[in-house]
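First up is the structure itself, then whatever we jot down about it.
There are 6 protein chains.
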Amino acid sequence: MRLLLINGNTTAAMTERCRATAIAAARPGTEIVAVTASRGPRVIATRTENALATAAMVELLAEHGGDCDAVLVAVSFDTGLDALREAAPCPVVGMTEAAVHAACLLGGRFGFIGPGEHAFGIYRDVLERIGLMSKLAGQSVVEMRPEDYLDPAAIVDTVVATALDLVRHGRAESLVLAGAAFAGLAAEIQARVPVPLVDGIAAGVVLAQALVDLRPMRATVGSHALPPARELVGLPPVLGRLFAGERS
Amino acid sequence: MRLLLINGNTTAAMTERCRATAIAAARPGTEIVAVTASRGPRVIATRTENALATAAMVELLAEHGGDCDAVLVAVSFDTGLDALREAAPCPVVGMTEAAVHAACLLGGRFGFIGPGEHAFGIYRDVLERIGLMSKLAGQSVVEMRPEDYLDPAAIVDTVVATALDLVRHGRAESLVLAGAAFAGLAAEIQARVPVPLVDGIAAGVVLAQALVDLRPMRATVGSHALPPARELVGLPPVLGRLFAGERS
Amino acid sequence: MRLLLINGNTTAAMTERCRATAIAAARPGTEIVAVTASRGPRVIATRTENALATAAMVELLAEHGGDCDAVLVAVSFDTGLDALREAAPCPVVGMTEAAVHAACLLGGRFGFIGPGEHAFGIYRDVLERIGLMSKLAGQSVVEMRPEDYLDPAAIVDTVVATALDLVRHGRAESLVLAGAAFAGLAAEIQARVPVPLVDGIAAGVVLAQALVDLRPMRATVGSHALPPARELVGLPPVLGRLFAGERS
Amino acid sequence: MRLLLINGNTTAAMTERCRATAIAAARPGTEIVAVTASRGPRVIATRTENALATAAMVELLAEHGGDCDAVLVAVSFDTGLDALREAAPCPVVGMTEAAVHAACLLGGRFGFIGPGEHAFGIYRDVLERIGLMSKLAGQSVVEMRPEDYLDPAAIVDTVVATALDLVRHGRAESLVLAGAAFAGLAAEIQARVPVPLVDGIAAGVVLAQALVDLRPMRATVGSHALPPARELVGLPPVLGRLFAGERS
Amino acid sequence: MRLLLINGNTTAAMTERCRATAIAAARPGTEIVAVTASRGPRVIATRTENALATAAMVELLAEHGGDCDAVLVAVSFDTGLDALREAAPCPVVGMTEAAVHAACLLGGRFGFIGPGEHAFGIYRDVLERIGLMSKLAGQSVVEMRPEDYLDPAAIVDTVVATALDLVRHGRAESLVLAGAAFAGLAAEIQARVPVPLVDGIAAGVVLAQALVDLRPMRATVGSHALPPARELVGLPPVLGRLFAGERS
Amino acid sequence: MRLLLINGNTTAAMTERCRATAIAAARPGTEIVAVTASRGPRVIATRTENALATAAMVELLAEHGGDCDAVLVAVSFDTGLDALREAAPCPVVGMTEAAVHAACLLGGRFGFIGPGEHAFGIYRDVLERIGLMSKLAGQSVVEMRPEDYLDPAAIVDTVVATALDLVRHGRAESLVLAGAAFAGLAAEIQARVPVPLVDGIAAGVVLAQALVDLRPMRATVGSHALPPARELVGLPPVLGRLFAGERS
């Protein structure tokens with residue numbers, strides 16, 4: 001199977017890190033097609049950047065999604081998830097959504113850690129949309145300096161302390177570590193906390209594989225049916241592929 | 001005061017209808033500055049179009065928001081609301097969010113009516129984000145043909161029947177009629193139902209005025225603080241105005 | 001427009017402070033008609049006093065509500081709100097309800113601060129009735145001595161510390177400061193906290209104005225329709241005005 | 001033990017029906033002291049009447065509560081429940097609250113039936129305050145003519161049909177029949193429905209007895225601690241008994 | 001009346017402690033029939049033991065439930081509660097469920113204290129099934145050594161400190177102390193905390209008595225109707241008594 | 001990988017149907033080890049049978065779980081799920097839980113269909129424990145005769161009609177068809193409904209595979225840590241394997 005990994009950030013180094021994590025998580029036979037937005041925020045960290053990245057991500061789907069079996073949204077805000085799910089001919093999962101579902105399937109309530117004080121409320125909204133708030137043991141922030149987004153290794157200690165606090169006082173039985181920026185650090189942190197740490201990219205890959213294996217029918221009614229033919233103005237023609245109505 | 005009404009659809013006729021409704025609702029001294037997206041969907045009716053419209057709406061804010069006192073999102077999906085709220089230097093309200101808050105302030109649970117079967121789930125998400133689900137008496141759909149979006153007068157009877165069902169069986173004590181497409185029909189429908197019908201544009205105008213009157217401080221921390229200086233790639237330079245950090 | 005401000009406490013000095021705040025928040029052309037209960041608790045701070053004040057507040061509505069355009073309940077427990085809303089011919093808002101709605105319209109979750117340990121649970125009930133609990137970042141108490149209710153200036157430092165704790169640890173993005181006792185202190189506290197502080201009286205005034213501007217129809221069915229003709233025993237005749245059934 | 005049954009309606013015939021039901025439900029040794037409000041609504045059926053009755057009910061507690069072991073609020077809106085619970089030296093239960101708790105202890109979700117379209121939203125608020133909404137299978141209305149409130153026997157067929165609908169379509173596994181007006185009809189209706197029907201007065205009596213048996217300590221902190229000494233203006237002196245602070 | 005107290009632990013000393021507490025709580029005329037599981041965990045403290053105990057508890061019901069008027073589940077995980085409630089011909093209450101309902105009927109939100117870090121999540125599930133989560137002020141753990149389960153007196157200080165923290169910071173207005181292991185300590189702890197402490201066995205006894213007094217009809221439809229005739233394989237024949245279908 | 005499929009029913013024919021569905025859903029290289037309870041209910045359809053089956057399922061885990069990579073609970077009540085998850089050294093998923101999570105990952109709200117009026121409330125409890133109630137579009141029952149449990153083909157028409165009702169009126173965007181009894185019918189029904197139909201066994205297999213791929217650490221604290229050494233009385237010695245404390 002081919003899994004399209006869409007990085008809505010315009011930083012190719014992040015895509016590479018996500019791709020490496022995805023390959024390590026994927027089973028043999030899964031090809032990871034990782035693409036990077038060509039315009040938009042360097043690193044999505046605000047609501048405004050989230051909005052600016054969405055359209056570009058839909059375009060990436062139009063360009064690359066045609067022969068893929070599943071799509072993974074490789075932005076920890078699950079940017080554009082509902083639109084991509086509606087428009088793609090195949091299953092789509094968000095990395096944070098995937099991590100939360102996987103954590104819940106492991107049992108108990110999960111703790112959630114995200115980078116940056118500004119992002120706390122954005123992640124809160126992401127979590128509420130997923131719908132598993134009664135399983136949230138606590139949500140914490142790891143403060144990050146701009147350089148940490150490119151090399152977060154220096155903050156492993158802080159992440160571990162935050163994680164242990166969620167376990168000891170919040171009684172979290174699993175942890176979700178959000179932020180594409182953390183991709184690649186999971187193993188090091190996991191070794192120091194007593195509950196499973198779920199990485200969004202890894203969870204996204206295995207759940208995307210699971211949905212492909214399930215061979216679900218595509219809904220033909222409802223808000224996730226393929227969008228019907230619609231009229232667009234001044235947008236790249238490639239988007240037309242997504243609005244062909246009942247495609248065969 | 002100047003109220004920037006942002007229509008994310010690229011159909012200028014819709015902007016005109018919204019502007020007329022807004023002017024009728026506004027008090028003397030409120031200037032309505034209504035702008036239309038120059039690229040994007042003709043009429044936003046799917047999740048994908050919602051995503052495609054968001055970035056253009058942020059650009060409209062960057063271009064026109066500088067000297068405005070409040071912003072009204074004139075798309076019934078409250079498209080881009082959280083991003084616009086973060087980026088704007090002034091209060092921002094969404095038309096559906098405004099209608100729901102106003103309905104709740106009138107007392108009792110509200111019924112919600114939206115156009116189009118495909119949009120039911122999209123509106124559900126909009127309602128859940130607002131956070132007043134315990135006040136939702138029921139959500140119904142009015143099926144619409146494409147031409148109805150430009151001239152919905154023919155479907156007033158259907159809307160009234162749907163509304164009465166929500167009142168009689170759902171025990172709704174107020175009604176929110178969503179969809180920019182319905183702008184202008186509120187009076188005719190109101191005359192035939194026994195509970196207050198709240199129009200999104202009108203509610204948005206009066207609540208935006210209220211927030212301006214309140215003169216709230218701008219948060220300098222949290223997810224609705226103004227976005228700090230950030231690096232964008234390949235986007236219109238005007239967007240830079242929104243990322244100047246702590247502006248004075 | 002005429003806004004009837006009903007103080008259910010029998011302390012006229014509180015009415016004066018509320019009136020001053022209301023006038024400062026009101027737009028030109030809004031007349032504030034502030035009335036004080038002539039019997040009942042000096043300061044409502046318990047559930048029992050709340051109950052004892054309600055009937056007197058309904059009587060004040062019967063006496064003064066005839067030619068008003070909106071009513072503001074100037075007790076931070078939103079005392080009698082649902083009854084006043086049913087009985088009044090015009091929109092009615094509670095000061096705490098108004099502050100919570102306004103805070104949510106500014107974006108993010110709000111922190112709530114109220115005076116007195118005994119009142120914590122009473123405010124909890126007030127908040128739950130409003131229905132925006134998923135937006136509550138945290139609820140805190142400021143302990144008060146009896147004299148503080150008449151001159152709360154001395155406790156500004158405590159309020160600020162409590163507010164900063166809600167912002168830093170609860171991640172509140174706005175604050176609601178409840179208690180008619182705090183009326184007049186908002187500006188001083190606001191200057192020392194990094195998120196908007198919403199004052200109940202001010203929010204109540206601007207939202208009441210907004211609802212009047214909206215010109216909503218009065219429901220003729222449901223639990224907020226005007227009460228029909230009913231039989232009362234041993235109560236002041238003026239209350240009869242509220243039970244005239246379908247008044248014209 | 002002595003159980004004070006407070007009827008907030010001024011209709012003595014209703015008190016008599018409640019007293020008879022209470023005696024039938026009480027165990028030997030429980031004395032039912034039933035009192036009727038001397039001023040207020042003839043029959044509480046609106047929010048306004050609810051507000052007008054509350055103060056009078058608190059006065060009844062002050063007059064008659066001194067040597068009672070528990071209090072039962074015999075109004076199906078649980079009128080003044082939180083105030084009476086704060087002010088009384090002994091346990092207090094509301095008849096609807098009691099019925100809902102008892103229904104849940106029998107297992108499964110309950111259906112709720114109340115009289116009068118106007119009251120639907122009032123009962124909704126009562127149910128939400130109780131906090132067991134996830135156990136609500138459905139809420140229905142039985143329309144009533146004024147004379148039905150005094151002699152509801154004629155509407156047994158309608159109640160039964162409503163009840164069966166809640167069982168068959170709402171999958172209710174128990175039923176709460178609210179309204180003091182229905183006191184005395186439970187047996188007749190029960191014989192015709194396949195799930196337990198819980199009467200508020202009977203449930204209130206047995207749960208009040210249970211709380212007395214439990215001999216709970218009185219909270220000395222929090223919002224249900226006895227109200228401290230407070231200053232009242234122009235109210236009957238008997239109310240002073242409720243505000244003596246830490247009574248021995 | 002005869003109250004069957006089922007201890008799913010195989011430790012007879014625990015049954016004796018529960019029986020003593022039950023007798024102290026019961027009113028004259030209530031006979032406590034206390035039975036102990038003959039196979040299963042010595043002390044149920046994990047999810048696995050919970051599962052292993054359930055079938056044995058159903059067998060105890062089949063053996064002893066025939067002439068009882070009510071059943072009390074004397075395991076603080078409310079082990080097997082829903083099955084026993086379905087199978088028993090009479091009302092069934094769980095000790096933790098009973099304590100939570102009783103606490104809520106006393107007013108305000110309750111704090112919950114349970115023994116053992118491992119059990120925190122198990123109690124969380126128990127609480128969520130009860131359905132009164134909006135009334136939960138906080139949930140805390142008292143760490144216990146194995147010997148504490150047989151003689152918990154030494155940890156009274158720790159329980160009191162935990163309780164006071166729930167009152168002071170969580171604003172709990174009542175406390176539920178879970179764990180059959182704590183049976184008998186309630187009085188000593190109560191004397192040192194300022195809000196009512198509800199003991200599960202005592203609450204279970206008084207609520208079971210209340211339900212018997214209520215004389216509820218047995219549902220003949222729904223998931224708590226008596227189980228119809230069913231085919232079992234390799235189980236003790238006494239269980240057949242529970243599957244006789246519509247028994248007379 | 002080896003996937004242990006535990007059928008808690010004692011009907012081997014059901015195990016065979018589940019095994020066939022599991023094999024069809026599994027990817028190459030996944031071995032399905034399907035085991036059947038040797039004592040207990042023939043078909044689990046009541047709460048009591050659920051309780052009677054649990055201990056036997058734990059024994060099956062003790063006997064067969066040692067060299068498995070994941071466990072699938074093949075009873076649609078997710079019988080014993082939390083205990084098996086605690087006790088197993090590997091990931092455990094319930095078939096209904098898996099179907100619900102998979103449905104939510106496909107987007108939108110799901111409809112739920114289960115067999116038998118008696119089971120409605122049992123499934124409701126199963127759904128509430130999963131924690132995705134805000135995504136539940138509706139829950140319906142398909143009435144079944146005893147013979148249908150062995151050959152449900154005859155009721156495909158009824159299931160389809162029920163499913164279409166959930167789609168058309170409940171606006172379900174996916175469907176979960178619960179009940180091991182339906183195993184094998186999914187394809188036939190799917191062909192006649194316009195939204196994806198998720199089969200519990202198939203979803204359980206693909207999600208179990210996903211969790212194995214994720215290689216999650218085993219929690220060593222919390223309520224899903226492996227149970228420590230505990231003392232059992234009169235139970236099969238094989239259970240001792242599950243209580244060895246920190247196993248290597």
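Protein chains in written order, with UniProt numbering: chain A, 1 to 248; chain B, 1 to 248; chain C, 1 to 248; chain D, 1 to 248; chain E, 1 to 248; chain F, 1 to 248.
Glycine residues also receive a C-beta, built at the ideal position from the N, C-alpha and C atoms.
For A/Thr-54, the three-state DSSP class (helix, strand or coil): As a working note, residue 54 of chain A is residue 54 in the first sequence. Note: A/Thr-54 maps to helix in three-state DSSP.
By alpha-carbon positions, which one of C/Pro-89, C/Leu-226, C/Gly-114, C/Val-193 ends up nearest to C/Asp-148? Looking up residue 148 of chain C in the third sequence gives position 148. Per the Cα distances, C/Gly-114.
Closer than 8 Å is the cut-off here; do at least three beta carbon pairs connect the stretch 5–21 of chain B with the stretch 48–63 of chain B? yes
Measuring alpha carbon to alpha carbon, tell me which residue in A/Glu-31, A/Ala-83, A/Glu-16, A/Arg-27 is nearest A/Leu-3. Your numbering for residue 3 of chain A matches position 3 in the first sequence. Of the candidates A/Glu-31, A/Ala-83, A/Glu-16, A/Arg-27, the one whose C-alpha sits nearest the C-alpha of A/Leu-3 is A/Glu-31.
When you check each C-beta in the stretch 165–180 of chain C against every C-beta of chain A, which residues fall closer than 8 Å? Arg-171, Glu-173
How is B/Arg-129 classed by DSSP in three states: helix, strand or coil? As a position in the second sequence, residue 129 of chain B is number 129, starting the count at 1. Note: B/Arg-129 maps to helix in three-state DSSP.
Give the single residue among B/Leu-127, B/Glu-128, B/Ser-134, B/Pro-194 whose Cα lies nearest to the Cα of C/Ile-130. Here the question's residue 130 of chain C lines up with position 130 in the third sequence. The option with the nearest alpha carbon to C/Ile-130 is B/Ser-134.
So which residues of chain B does D/Glu-128 contact, with C-beta pairs closer than 8 Å? Residue numbering aside, residue 128 of chain D sits at position 128 when the fourth sequence is read from its first letter. Result: Ser-134.
Where A/Ser-134 sits in the DSSP three-state scheme: Taking the first sequence and counting its residues from 1, the one referred to as residue 134 of chain A is at position 134. Residue state, collapsed to three classes: helix.
Quick one: which residues of the stretch 94–118 of chain B get their C-beta closer than 9 Å to a C-beta of chain D? List them in chain order. Gly-107, Gly-108, Arg-109
Against D/Thr-54, what residues of chain E qualify as contacts under a CB-to-CB distance less than 9 Å, listed in chain order? Here residue 54 of chain D refers to the residue found at position 54 when the fourth sequence is read from its first residue. Neighbours of D/Thr-54 on chain E: none; closest Cβ ~16 Å, over 9 Å.
Contiguous beta strand (DSSP E) assignments of at least 3 residues, all confined to the stretch 61–115 of chain D: 70–73, 92–94, 110–115
In angstroms, rounded to a whole number, what distance separates the CA positions of E/Ala-225 and E/Arg-218? Along the fifth sequence, one-based indexing puts residue 225 of chain E at 225. Along the fifth sequence, one-based indexing puts residue 218 of chain E at 218. Distance between the alpha carbons of E/Ala-225 and E/Arg-218 is about 7 Å.
Touch check for the stretch 68–78 of chain C and the stretch 91–105 of chain C: three-plus C-beta pairs under 8 Å? yes
What's the call for F/Asp-213, buried or exposed, on a 16-neighbour Cβ count within 10 Å? Position 213 of the sixth sequence holds residue 213 of chain F. F/Asp-213 is buried by the Cβ-count criterion.
Can you give the Cα-Cα distance for E/Gly-65 and D/Val-142, rounded to whole angstroms? What you label residue 65 of chain E is simply residue 65 of the fifth sequence in a count that begins at 1. What you label residue 142 of chain D is simply residue 142 of the fourth sequence in a count that begins at 1. Straight-line Cα distance between these residues: approximately 39 Å.
Could you tell me whether any Cβ in chain F is nearer than 8 Å to the Cβ of E/Asp-67? Taking the fifth sequence and counting its residues from 1, the one referred to as residue 67 of chain E is at position 67. Chain F contact via Cβ: absent.
Pick helix, strand or coil for A/Met-1, following the three-state DSSP scheme. For the purposes of this step, residue 1 of chain A is identified with residue 1 of the first sequence, where counting begins at 1. Three-state result, A/Met-1: coil.
Could you say if the stretch 220–234 of chain E and the stretch 100–118 of chain F meet the contact criterion of at least three C-beta pairs nearer than 8 Å? yes
Please list, in chain order, all residues of the same chain as C/Arg-19 whose beta carbon is under 7 Å from its beta carbon, the five residues on each side excluded. Counting from one through the third sequence, the residue named residue 19 of chain C turns up at place 19. Closer than 7 Å at Cβ, skipping near neighbours: Leu-5, Ile-32, Ala-34.
Between which two residues does the beta strand (DSSP E) holding D/Leu-211 run? As a first step, residue 211 of chain D is located in the fourth sequence; it is residue number 211 there, counting from the start. Element bounds for D/Leu-211: not the beta strand (DSSP E) but the alpha helix (DSSP H), 200–214.
For F/Arg-27, return the contacting residues in chain A, with the cut-off set at a CB-CB distance below 7 Å. As a position in the sixth sequence, residue 27 of chain F is number 27, starting the count at 1. Those within 7 Å of F/Arg-27 in chain A are Asp-213.
Against chain C, which members of the stretch 215–243 of chain B pass a CB distance test of less than 9 Å? Arg-215, Pro-216, Met-217, Arg-218, Ala-219, Thr-220, Val-221, Gly-222, Ser-223, His-224, Ala-225
Which first and last residues belong to the alpha helix (DSSP H) in which A/Glu-16 is found? Here residue 16 of chain A corresponds to residue number 16 of the first sequence, with the count starting at 1. 12–25 is the extent of the alpha helix (DSSP H) around A/Glu-16.
Cβ-based burial, C/Ser-38 [other Cβ within 10 Å; buried from 16]: Numbered from 1 along the third sequence, position 38 holds the residue referred to as residue 38 of chain C. Per the 10 Å Cβ criterion, exposed.
What residues of chain E sit near F/Arg-39, judged by a beta carbon separation below 7 Å? On the sixth sequence, residue 39 of chain F is found 39 positions in, with the first residue counted as 1. Per Cβ cutoff of 7 Å: Val-233, Gly-234, Leu-235.
Residues bridged to D/Gln-190 by DSSP? Your numbering for residue 190 of chain D matches position 190 in the fourth sequence. Its beta-bridge partners do not exist; DSSP assigns none.
Members of the stretch 180–195 of chain C that neighbour chain B once the beta carbon cut-off is set at 7 Å: Gln-190, Pro-194, Val-195
From D/Pro-194, D/Asp-151, D/Ala-103, D/Val-206, residue whose alpha carbon lies closest to that of E/Val-221: On the fifth sequence, position 221 is the one that residue 221 of chain E refers to. Taking only the C-alpha atoms, the option nearest E/Val-221 is D/Pro-194.
Just mark A/Glu-188 as buried or exposed, buried being the case when its beta carbon has 16 or more other beta carbons within 10 Å. By one-based count along the first sequence, residue 188 of chain A stands at place 188. With fewer than 16 Cβ atoms within 10 Å of its Cβ, A/Glu-188 is classed as exposed.
Counting only Cβ pairs nearer than 7 Å, list the residues of chain D close to C/Glu-86. Within the third sequence, numbered from 1, the residue matching residue 86 of chain C stands at position 86. What C/Glu-86 touches in chain D: Thr-46, Arg-47, Thr-48.
Among E/Cys-90, E/Tyr-123, E/Leu-132, which residue has its Cα nearest to the Cα of E/Phe-110? Here residue 110 of chain E refers to the residue found at position 110 of the fifth sequence. Measuring from the Cα of E/Phe-110, the nearest candidate turns out to be E/Leu-132.
D/Ala-70: contacting residues in chain E (beta-carbon distance under 9 Å): The residue you call residue 70 of chain D lines up with position 70 of the fourth sequence. Those do not exist, as D/Ala-70 stays about 11 Å from chain E at its closest Cβ, beyond 9 Å.
7 Å CB neighbourhood of F/Cys-104 in its chain, flanking five on each side removed: Taking the first residue of the sixth sequence as position 1, residue 104 of chain F is located at position 104. Here the set comprises Phe-110, Leu-132, Lys-135.
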